[in-house]
Each structure stands twice: as structure tokens, then as C-alpha cells.
Amino acid sequence: MSGEGRVPQAIRKLQPGRLVIASHNEGKVREIRALLGPYGVEPVSAAELDLPEPEETGTSFVANAELKALQAADLSGLPALSDDSGLCVEALNGDPGIFSARWGGSDRDFARAMGLVEEKLAALGPDTSRDAHFVCALALAWPDGHVEWFEGRVDGTLVWPPRGERGFGYDPMFVRDGDSETFGEIDPDLKHSISHRADAFRQLVAAVF
Numbered sequence: 300m301s302g303e304g305r306v307p308q309a310i311r312k313l314q315p316g317r318l319v320i321a322s323h324n325e326g327k328v329r330e331i332r333a334l335l336g337p338y339g340v341e342p343v344s345a346a347e348l349d350l351p352e353p354e355e356t357g358t359s360f361v362a363n364a365e366l367k368a369l370q371a372a373d374l375s376g377l378p379a380l381s382d383d384s385g386l387c388v389e390a391l392n393g394d395p396g397i398f399s400a401r402w403g404g405s406d407r408d409f410a411r412a413m414g415l416v417e418e419k420l421a422a423l424g425p426d427t428s429r430d431a432h433f434v435c436a437l438a439l440a441w442p443d444g445h446v447e448w449f450e451g452r453v454d455g456t457l458v459w460p461p462r463g464e465r466g467f468g469y470d471p472m473f474v475r476d477g478d479s480e481t482f483g484e485i486d487p488d489l490k491h492s493i494s495h496r497a498d499a500f501r502q503l504v505a506a507v508f
């Protein structure tokens with residue numbers, strides 16, 4: 300079932316045991332493992348299970364998260380958790396949005412992707428708003444097709460040049476509202492507590508654990 304127009308279902312609790320992280324992005328897998336640590340699950344990544352990456356044909360973060368989680372659950376026979384997330388830039392009409400990874404090309408070169416964002420903003424002029432936000436949609440699917448989903452968000456502004464070696468993706472150019480350091484500079488443990496992914500995880504934990 301796609302995320303758009305989805306009819307809410309009763310919350311299903313997640314039992315201890317193996318849980319597939321339906322992602323081949325090492326940065327995402329690392330963050331999700333850290334967030335899942337206290338809850339008695341045994342995370343195993345899609346890459347470790349040699350699961351294929353599905354084509355992301357959804358038109359929203361939730362829809363793409365659901366299709367990835369459902370495929371991983373179906374192929375593995377285990378519950379699967381998928382994350383679809385990205386950067387939405389106000390002045391670029393929400394781009395790169397669901398295409399955030401694809402802006403880096405087939406090799407997901409985020410230095411290239413960040414450069415493209417900056418190039419498009421610069422072309423709009425020096426007074427262009429640099430407001431942006433990260434979105435994270437989490438989908439938790441079971442082999443029988445049941446899905447729960449949760450969406451988190453964090454607002455901020457973009458800086459140039461990028462700063463910091465921590466984090467991944469667009470983190471080095473994103474400063475959360477009220478902060479002075481980018482997500483690429485702050486301590487990873489702090490990021491785990493304040494990010495869009497942390498926001499979505501708080502909702503997931505409250506619902507299924």
C-alpha cells in the first residue's frame with residue numbers, strides 16, 4: 300500500500316529478534332543501528348542479506364520507504380525497517396527532496412550533490428532564502444504486508460562551503476535552527492538526539508516497542 304492516502308492501521312508491536320534494515324546506505328545503517336541499540340532487536344542490513352535495491356517509484360518519502368520495507372520483508376521473511384529521507388530546499392521548490400540521493404549521480408557523490416544545490420541557489424541571486432529542512436520517513440513492514448510508518452522533520456539553513464567530516468549526505472551544509480555547527484560538525488550522539496531521523500524514531504519507539 301502506498302503512503303499517499305494510506306488508511307491508518309492498528310499499531311502492531313515489534314517483538315525482539317532480527318530486523319532487516321532495508322538500506323544499502325552505510326551512513327543510514329550506522330545511524331539506525333545506534334538508534335535501535337537499546338530495544339532488544341538484532342539489526343541486519345539489506346546488503347548483508349544480499350537483498351536487491353528496489354526502484355524508488357513513489358512520489359513521497361513515505362511511499363518510497365514503504366516499498367523498500369515491504370520488499371525486504373517479503374524477500375527475507377523478517378520484519379524490515381526502511382528509511383527514506385532527504386533535503387528539501389525552500390527556494391528550490393522542495394528539491395532535491397525524494398531525489399536527494401540521485402542528485403549525487405549513480406555513485407551517490409554527495410560532494411557533487413551539495414555543489415549542485417549551491418549552484419542552483421547562487422543562480423537565484425545573493426538574497427535568495429537558504430531555508431531548508433530534512434525529512435525522514437520510516438516504514439516498518441512485516442512479511443504479511445502490514446506496514447506502520449512515521450515521519451520526522453528538522454528545520455535549518457544551508458551554508459557554503461560545507462563544514463565537517465562527520466555525518467553523511469548533505470550534513471556538512473546543513474545547520475539546524477538555533478545551532479551554529481553543521482550536522483557534519485556536531486557530535487554524532489547529539490545528532491542522533493535532534494535529527495529528523497531521531498524525530499521519526501521517537502514516534503516509532505513510542506508506537507511499537
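Residue numbers (my numbering): 300 to 508.
Think of the CB as a built atom: it goes at the ideal place given N, C-alpha and C, for glycine as much as any other residue.
By the neighbour-count criterion, in which a residue is buried when 16 or more other Cβ atoms sit within 10 angstroms of its Cβ, residue 335 is buried. When the Cα atoms are used, residue 439 and residue 313 turn out to be separated by approximately 9 angstroms.
Annotation for residue 486: 465 place their beta carbon closer than 8 angstroms to its own, counting only its chain and skipping 5 residues before and after. The criterion of a C-beta distance shorter than 8 angstroms is not satisfied by residue 498 and residue 482. The beta carbon of residue 332 is closer than 8 angstroms to those of 320 and 342 in its chain, skipping five residues each way along the sequence.
When only Cα atoms are considered, residue 444 and residue 473 end up about 36 angstroms apart. Residue 505 has its alpha-carbon roughly 26 angstroms from the corresponding atom of residue 323. Inclusion of residue 385 and residue 434 in the CB contact set at 8 angstroms is warranted, their separation being smaller than that value. The beta-carbon distance between residue 363 and residue 383, rounded to whole angstroms, is 4 angstroms. This is short enough to meet the 8 angstroms contact definition. The criterion of a C-beta distance shorter than 8 angstroms is satisfied by residue 448 and residue 365. Of the residues assessed, residue 475 falls on the buried side of the cut-off, its CB having 16 or more other CB atoms within 10 angstroms. As the crow flies, the alpha-carbon of residue 389 is around 20 angstroms from that of residue 496. The three-state secondary structure of residue 498, taken from DSSP, is helix. The Cβ atoms of residue 381 and residue 371 sit closer than 8 angstroms to each other. DSSP assignment within the region 457–483 yields no whole alpha helix (DSSP H) run of 4 residues or more. Annotation for residue 427: 390 and 420 place their beta carbon closer than 7 angstroms to its own, counting only its chain and skipping 5 residues before and after.
For the pair residue 330 and residue 491, the CB atoms are nearer than the 8 angstroms cut-off.
Taking a contact as a CB-CB distance under 8 angstroms, the pair residue 410 and residue 402 does not count as one, their CB atoms being some 11 angstroms apart. When the beta-carbon positions are compared, residue 398 and residue 437 stay at least 8 angstroms from each other. If you draw a straight line from the Cα of residue 480 to the Cα of residue 430, it is about 15 angstroms long.
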